[in-house]
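Peer 1: So that you can map any letter, position 144 of the sequence shown is 143 in numbering that gives the first Met the number 0, and since no number is skipped, the others follow by simple counting.
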Amino acid sequence: MAAIIMDGKALAAKWKDNIRTQVAALSQRPGLAVILVGNDPASRVYVTNKEKDCAQCGIYSEEFALPAEIGQQALLELIEELNRRPEIDGILCQLPLPKGYDYDEEQVLQAIDPRKDVDAFHPYNVGRIMIGDYTFLPCTPAGVMALLDEYGIDPAGKRCVVVGRSNIVGKPQAMLLLHRHGTVTICHSRTPDLGSVTREADILVSAVGKRNLITADMVKKGAAVIDVAMNRDENGKLCGDVDFAPVAEKAAYITPVPGGCGPMTRVMLLQNTLAAARAHGKA
Ligand code: NAP
């Protein structure tokens, strides 16, 4: 039997409607500042999409497009100014910062006021996620949890395997599944015999960035398979880590790429901006 396709696009549209309604009920608009340094085309697309999403939900967004050579100091000064501005509830600095310059991404992330850190990358927010007491969740793992909830897949008591251990996806994803009482294993590039671990998974989340890494023989029959990755195939078409068609024959649930985790990641930024506005007293 073929798996149920977990429709992230439809769920994101539903969340957006809900966010738009909540924003409309506020007396002051939530505000998001988006900083883009340099002219990386992929980053440009991400930033434009984020601004479009904000406009659709009634969130004020302000873009700061800076030349690649602006430098660490000027970037930190801008963040300081945005930290002080009351109409700005969330600050997002699009990563990666341009290569070949003296940027320190860690210092930039730490300069953002944790109360405006809508990406949830600041160590303070990372720590709060560890202890399960948070205002913001990192967007991609939060989007995965929303997809699981939508399809009635409860991690409690399940074997959950996360492939990938980055600070922005793999690690927080594992933590969120743990908070929801999953029994969680994290795999990475040094995990020997990856299939022997992934075959145990009732819920398998792959966040690596390698096309066809997860093949059908690595998946347990009836599993929920969540593909976070965004890769390009030889024709430039977007694809994930999962060998989709054969895995869909074996799994009970599967996310497509595109149309699975991507739209949910985008919507969680809006959710975090709304949460920040509320935390700043906008009612
Ligand atoms: P990352 O920082 O490059 O991390 C990749 C992880 O995969 C690392 O932990 C790495 O292990 C592990 N890995 C590499 N090769 C492996 C292998 N053969 N077997 C098992 N694990 C392996 O990437 P990321 O930022 O977490 O992103 C992961 C993917 O998600 C990318 O495709 C990215 O484009 C995508 N992504 C999508 C969204 C979205 O909105 N859908 C958002 C963010 C990211 P080591 O730690 O040992 O090196």
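Just so it is clear, CB atoms sit at the ideal spot from N, CA and C, and this is done for glycine as well.
Can you give the Cα-Cα distance for Met-129 and Ile-225, rounded to whole angstroms?
Peer 2: Translated into the one-based positions of the sequence shown, residue 129 becomes position 130. Translated into the one-based positions of the sequence shown, residue 225 becomes position 226. Taking the straight line from one Cα to the other gives about 22 Å.
Peer 1: Can you have a look at Gly-194 and say buried or exposed, based on whether 16 or more other CB atoms are within 10 angstroms of its CB?
Peer 2: Translated into the one-based positions of the sequence shown, residue 194 becomes position 195. Exposed, since its Cβ has fewer than 16 Cβ neighbours within 10 Å.
Peer 1: The beta strand (DSSP E) with Asp-226 in it runs from where to where?
Peer 2: For this step, residue 226 is matched to residue 227 along the sequence shown. Residues 223 to 226.
Peer 1: For the alpha helix (DSSP H) containing Gly-194, list its first residue and its last residue.
Peer 2: In the sequence shown, residue 194 corresponds to position 195, counting from 1. Gly-194 -> alpha helix (DSSP H) spans 193 to 197.
Peer 1: In chain order, what are the residue ranges of uninterrupted beta strand (DSSP E) at least 3 long that sit wholly in the stretch 146 to 208?
Peer 2: 158 to 162, 182 to 186 and 202 to 205
Peer 1: Assign Thr-272 to one of two classes, buried (16 or more other C-beta atoms within 10 Å of its C-beta) or exposed (fewer than that).
Peer 2: The sequence position of residue 272 within the sequence shown is 273, counting from 1. By the neighbour-count criterion, in which a residue is buried when 16 or more other Cβ atoms sit within 10 angstroms of its Cβ, Thr-272 is buried.
Peer 1: Mind checking Val-44: buried by the 16 CB within 10 Å criterion, or exposed?
Peer 2: Start at 1 with the first residue of the sequence shown, and residue 44 comes out as number 45. By the 10 Å Cβ count, Val-44 comes out exposed.
Peer 1: Using 8 Å as the Cβ pair cut-off and three pairs as the minimum, do the stretch 206 to 213 and the stretch 162 to 180 touch?
Peer 2: yes
Peer 1: Assign Lys-236 to one of two classes, buried (16 or more other C-beta atoms within 10 Å of its C-beta) or exposed (fewer than that).
Peer 2: Counting from 1 along the sequence shown, the entry for residue 236 is found at position 237. Looking at its Cβ environment, which holds fewer than 16 other Cβ atoms inside 10 Å, Lys-236 is exposed.
Peer 1: Taking C-beta to C-beta, are Pro-122 and Val-36 nearer than 8 Å?
Peer 2: The residue you call residue 122 lines up with position 123 of the sequence shown. The residue you call residue 36 lines up with position 37 of the sequence shown. Cβ distance not < 8 Å, so Pro-122 and Val-36 don't count as in contact.
Peer 1: Helix, strand or coil, according to DSSP, for Ile-253 in the structure here?
Peer 2: Here the question's residue 253 lines up with position 254 in the sequence shown. Strand, per DSSP.
Peer 1: Of the choices Asp-88, Val-266 and Leu-136, whose alpha-carbon is the least far from that of Arg-277?
Peer 2: Your numbering for residue 277 matches position 278 in the sequence shown. Nearest of Asp-88, Val-266 and Leu-136 to Arg-277, Cα basis: Asp-88.
Peer 1: Among Gly-151, Gln-109, Thr-184 and Arg-114, which has the Cα closest to the Cα of Gly-280?
Peer 2: Counted from its first residue, the sequence shown places residue 280 at position 281. Taking only the C-alpha atoms, the option nearest Gly-280 is Arg-114.
Peer 1: When the distance is taken between beta carbons, is Ala-250 closer than 8 Å to Ala-32?
Peer 2: Sequence index remark: in the sequence shown, residue 32 carries index 33 (1-based). Sequence index remark: in the sequence shown, residue 250 carries index 251 (1-based). Cβ atoms of Ala-32 and Ala-250: not closer than 8 Å.
Peer 1: Excluding five sequence neighbours on each side, which residues of the same chain lie with their C-beta closer than 6 Å to the C-beta of Pro-262?
Peer 2: The residue labelled residue 262 in the question sits at position 263 within the sequence shown. Excluding residues within five positions, the ones whose Cβ falls inside 6 Å are Gly-7, Lys-8 and Ala-11.
Peer 1: In or out: Arg-286 buried (at least 16 other Cβ within 10 Å) or exposed?
Peer 2: The requested residue 286 does not occur in the structure, where the chain is confined to residues 0 to 282.
Peer 1: Expressed to the nearest angstrom, what Euclidean distance is found between the alpha-carbon atoms of Ala-247 and Glu-80?
Peer 2: The sequence position of residue 247 within the sequence shown is 248, counting from 1. The sequence position of residue 80 within the sequence shown is 81, counting from 1. Cα-Cα distance, rounded: 49 Å.
Peer 1: Applying the criterion that 16 or more other CB atoms from any shown protein chain within 10 Å of the CB defines a buried residue, is Thr-139 buried or exposed?
Peer 2: Your numbering for residue 139 matches position 140 in the sequence shown. The residue in question, Thr-139, is buried, as its Cβ has 16 or more Cβ neighbours within 10 Å.
Peer 1: Spatial neighbours of Asn-48 within its chain, please: C-beta separation below 8 Å, excluding the five flanking residues on both sides.
Peer 2: Against the sequence shown, residue 48 aligns to sequence position 49. The answer, listed in chain order, is Arg-265.
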